[in-house]
Every structure is written in C-alpha cells, then in structure tokens.
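Residue numbers (our numbering), protein chains in the order written: chain A, 172 to 284; chain B, 582 to 1034. All residues carry an ideal CB built from backbone N, CA and C; glycine is no exception.
In structure tokens, the structure reads:
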C-alpha cells in the first residue's frame, strides 16, 4: 500500500476532490498546513510595521491506496491541482507498512477498500 | 426607500422618549423653575451622553481588533471596566473635584456624593437643562479617558494593577485637569482663566491620556514576544472606528451644552476633520508603502477626530479641512518614533492621541475665530501661546503624576503579568476564559474551508 500525500493550493481543494470522486475514491484526510518552497512570501504593513510572511497556507490531502493505483491517483491530483505558477505544491508517495480498520479489525488491502 | 419610514419612526420614538424623560425631571425637581428647562437642550445633552458612552465600547473594539487573539477579552475588559470604576468614583467624589467650586487647580467637595446635583438647571454649567444631565455627560468623558491608555499597555499589564491605576489616575490626573480647563463655578480653573481653548477635551482627554500612555509604557517595558504582533481582527477595528466616529458627534456636538448653532457647527467640523484625516492618512501610506490599508484609514479617522476635538467649537469648515489634512502625516510619522526610540506603545496611543491632541490644541490657536463662537478667541500669536501653555501644563502634569502613580504601583502591586502568563495570553492567564473557541495558544489561523477556527 502507498500513501499519496499531496500538498496543494487551498483554492484547488475542490478541484482535487472532484477528480478523486471521478476515480471513485471516497476516503481521504485533509489538513490545513503552512509551508515554504520556491514560492515567494509576501509583505504586510500595519501602521508601517513590516511583516514578511514566508510560510504560506497550503492544504495537505492524504489518501492510502493499493500499490498499483498510486501512480494514476498522483497524476490525477497533479492535473487537478495545477495552475502552472510557482507554488502549486508537491505530491509524495510513501510506502505504508500496514493498515488496520478500527471497527472490524480488518488488515491490509481490505481495510482500505 | 423602505428604510426611510423605519428611521423616521425610530427618531420620533427617541425624541418622544427623551421628551418624556425631561418631563419626568420636572415632576421630581424640588423648587422647579420649569420655564428654564429647554426640552431641546435637555434632549440633546442626554442623547450626547449616550453617544459618548458608546465611544468606550467602540474604543474596546477599535483596540481589540489590533491585539492578538489570545488577548482580546483582556483588551475589551480594560475599556469596559472603566465604565464601572470611573462611574462609582465620579458619583462619590470625581464630579465634585472636577466641577464644584474650589481652587483654580481642583474643585471642592460641595458636590460630594452628588449632593445638590439635582434635576433643576445649574447656572454655570447647565443653564437650560438638568444639572444631572451635565454630570452624566461629563462622566462619559471621565470614563473613556483612562480607557484610552489601555491601548498602550496592552498585552502585558496586570489587570488588577490596571484597575487600581485607572481609579487613582482618574482622581489624581483627570479631575484636576478637567477643573483647570472647564471649571467655571466660582473661582475659574487656572487654564480657563488664562483663556486656553479646549472645546471638548483635546488637553483634558487626549493629551493627558496620550502622555500618560507614554510614561506607562516606559515604566512597563516592552512585550516579551513581538515577532508577530499583527492585528487579529481588523474588521473589528473598523467597526470600532465607525462607532467612535458616530459617538464623537456627541463628544464634540454636546460640548456646546445646548442644542443650537454651535452644536451644529461642532458636529459638522468633527465630521469634516475625520473624513479628511482618514483620506490624508491613506494617501500618505499609499505613497510610503504602495498600498492603502484599512488600518491606515481607521488610524487617520481617529487622528482627525482627536485633533478636531479641542478646536471643534471655535473653528469653521475650512479650518476643519486643514486640521484633517495636517494631523495624519504628523501622526503617521510620530508612530515611527517607537521603533526608533525603542518604547513599546502597543497600539500607538501616544502617537495618535498624545501627538494628535497636542497638534489639535496648538492649531486651535491658529485657526479659531470669534465668528464661530463669540466666547472663544480670534487666531493670534498670543492665543497660540496660550494654547501651548495649556498643552504644556497638561503634558507636564500628566507625565509627572502618572510617573509617580506608575512607579508606586510598580514596587507595590507590580505592573506586569509573568512572562509565562504573557506568552499564554492574558485572556487565559488573567480572566480564565478564551475569546474564541480553540484559541489559547495564539496559534489561530485562517481556514481553507472558509471559516476561522
């Protein structure tokens, strides 16, 4: 099993969700995060006091799928989340050792289906 | 279109309510000369009192939006508690010390506990409306003045010490200054006698609080962590600004002590100065930092209101435009002093109220005209000198007395919360509550899902 972890622009979350729905994927975990990459921060002024914000708001979407589905899923997320500008984010594919469904105690692929 | 009838009904209801109140005052007065009470004046003074009271909650919102989320309730409470503390003191002793017959520097004790402050007119202060209306109107000024200081000492001063501070300050600093400038019963106040013009409190309210704010932040020291002290809710600050602007019509308009042409004149110049100053702040900021900010607009509006306050009953509409245009660039630069000189005036009380109030007091001497108010003065170098004297006395007196009060409190009660409490936030450490759900660590953010959590 693979965990697909996508860091995307907050405003692209809806597009990504509908792309996932098209693939028939229902389960996901979404978290608000902050991070920095190549995208520049921005400057705010409050009565002349300057604040530089370089940790920008992103959304992290995590989905665990069977090994063979991971690449297609990642590509679909990338398509949906892309604007072409710096700051679109990253997708990480991470091996998952084991999955347990808490309600039934099922393990492995069956637990994520 | 649909709103118009509603507004008319509300106004009518308000007017009849106030009229009913003044009729009631006749009924309760002991030896009434009913002919002397003017219902229009009475209605306007009671309305103005309510308007000025609203400025304190408005100030709470104005300040509250600018602090961090972990200190919001403490910031609001520092204004609201003044409504209670100052009211109680004013009834017992404050009004008498400020307005009763006494020395040129402080009033006497003849109106202690509001003895003799009744529902009949009072020849010196309230010729055509109940003396109690004057008392309660002046109370609203006494409330907001120490509350203004709370913006400077924000995010670190102990609440208990703050309450004791405003109680002492109200008696020791506010009442003598009010008496010197506005005391007219029997022996005139020292600055009133000199002819210093302060229509609605430029020296008494804004210079005194602004200078005291500066002294207190020097005694307190800086906040521990200001790496990110961005305002947590500027919409709140803008609501506060709007309500302050609204209330200020009572602050300045009511200072005519009558519902007449002078009240209208003060009302109009107040509005013009606020509007002009908001615009001039935005322009200056736009040039300096390339963006017109909402906080800049709010700061400018308040600076304009502060600066017109002493002048409002003595100047005309052109002067109001000038005052509004000048005050914002001056205050805009004054607030930069704190980073250069290294004091931590959290919300720029000195930069806006101290500097704006002083500028307003001085400009009054250069722009006043007897054509607006025959009891005032015409602009002259002499009048400018008298205004400078008035401002100087207010600066010197408030600075010295606040330094003494603050120093004594520093060694007795302590001025600051502990470093740990400051970092946790004063809402939790001082009040045991939180302004917003899930806030407490100061780590609040903005939701990608469309709300604030």
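| Check | Outcome |
| --- | --- |
| Could you list which residues in chain B have their beta carbon closer than 8 Å to that of residue 215 (chain A), in chain order? | 811 |
| Contact check, residue 793 (chain B) vs residue 993 (chain B) under 8 Å by CB: the rounded distance? | The pair is not a contact, with the Cβ atoms about 18 Å apart (cut-off 8 Å). |
| Under 8 Å, Cβ to Cβ, is there at least one residue of chain A near residue 874 (chain B)? | yes |
| So with CB distances below 8 Å, who are the chain A contacts of residue 868 (chain B)? | What residue 868 (chain B) touches in chain A: nothing, since even the nearest Cβ is about 12 Å away. |
| Please classify residue 738 (chain B): does DSSP put it in a helix, a strand, or coil? | strand |
| In three-state terms, what does DSSP make of residue 812 (chain B)? | coil |
| Residue 1017 (chain B) by DSSP, collapsed to three states: which one? | coil |
| With H, G and I counted as helix, E and B as strand and the rest as coil, what does DSSP make of residue 282 (chain A)? | helix |
| From residue 639 (chain B) to residue 824 (chain B), what does the alpha carbon distance come to, in whole angstroms? | 5 Å |
| Buried or exposed, going by whether 16 or more other CB atoms sit within 10 Å of the CB of residue 737 (chain B)? | buried |
| Per the DSSP calculation, residue 271 (chain A) is bridged to which residue(s)? | A:278 |
| Exposed or buried, which one is residue 629 (chain B) when buried takes at least 16 other CB atoms within 10 Å? | buried |
| Just to make sure I have the definition right: I need the residues of chain A whose C-beta is within less than 7 Å of the C-beta of residue 917 (chain B). Which are they? | 219 |
| What does a CB cutoff of less than 7 Å around residue 960 (chain B) pick up in its chain, not counting 5 residues either side in sequence? | 946, 947, 948, 949 and 950 |
| Compute the beta-carbon to beta-carbon distance between residue 631 (chain B) and residue 661 (chain B), rounded to the nearest angstrom, for a pair I have assumed lies under 8 Å. | Not really, about 16 Å apart at Cβ, beyond 8 Å. |
| When you compare the CB of residue 806 (chain B) with every CB in chain A, is at least one pair closer than 8 Å? | no |
| Output needed for residue 875 (chain B): all residues of its chain with C-beta closer than 7 Å, excluding positions within five of it in sequence on either side, in chain order. | 815 and 819 |
| Identify the contact partners of residue 880 (chain B) in chain A, using a Cβ-Cβ distance below 7 Å as the criterion. | 218 |
| Would DSSP call residue 184 (chain A) helix, strand or coil? | helix |
| Can you tell which of B:657, B:904, B:828 and B:999 has the C-alpha that lies nearest to the C-alpha of residue 1016 (chain B)? | B:657 |
| For the putative contact between residue 733 (chain B) and residue 956 (chain B), defined by C-beta atoms under 8 Å, what is the C-beta separation to the nearest angstrom? | With 8 Å as the limit, residue 733 (chain B) and residue 956 (chain B) do not qualify as a contact, their Cβ atoms being about 34 Å apart. |
| What is the DSSP secondary structure of residue 874 (chain B), counted as helix, strand or coil? | coil |
| Residue 929 (chain B) versus chain A: which residues are under 7 Å apart at the beta carbon? | 218 |
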